[in-house]
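Residue numbering for the sequence shown is 878 to 981, as defined by the numbering used here. Every residue gets a Cβ at the ideal spot worked out from N, C-alpha and C, and that includes glycine. Working notes, beginning with the structure itself.
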Amino acid sequence: MAFWEQNIEVMDELAEINNLNFGNPNVQKRLVKEKLIRIFETKPNPQVNKLFIVHDYSFDESIQSLDFLDTIILKLKGSGLGYSFVGLKSLNQFISWASEHSSN
878 MAFWEQNIEV MDELAEINNL NFGNPNVQKR LVKEKLIRIF ETKPNPQVNK LFIVHDYSFD
938 ESIQSLDFLD TIILKLKGSG LGYSFVGLKS LNQFISWASE HSSN
């Protein structure tokens with residue numbers, strides 16, 4: 878994949894969402910979740926997509942677990958408007974789609 882380095886942003890503090898201090902989880906979890914939700918509410922430029930690569934999805938209890946390389950698709954609604962769950966795609970679904978849409 879060609880994202881180009883200048884288009885990649887790593888948010889180290891979000892990587893710690895599952896390693897939060899259990900002595901005071903409410904405040905820390907709330908702050909991390911609020912930041913993540915703000916990021917999810919920010920619509921990208923209409924000419925680009927926004928891609929989040931994560932290895933866990935634990936803040937929305939409607940999704941209990943993910944299989945290896947499953948992908949959750951969210952629609953960003955804009956600042957203060959939240960986001961909506963669009964769908965869940967498995968690795969096999971992506972492979973199948975890529976094969977069907979190959980330019981070769």
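So, using beta-carbon positions, are residue i and residue j closer together than 9 Å?
i    : j    : result
S973 : D947 : no
I885 : G959 : no
G957 : E918 : yes
What residues in its chain sit with their C-beta under 8 Å from that of residue i, if we drop five residues either side in the sequence?
i    : result
S961 : L951, K952, K954
Can you give the beta carbon distance from residue i to residue j, rounded, assuming they're within the 8 Å contact cut?
i    : j    : result
P921 : K912 : Incorrect: roughly 17 Å between the Cβ atoms, too far for contact.
Report yes or no: do three or more beta-carbon pairs, one from the segment 951-966 and one from the segment 905-912, lie closer than 8 Å? Output reads no: the segment 905-912 does not touch the segment 951-966.
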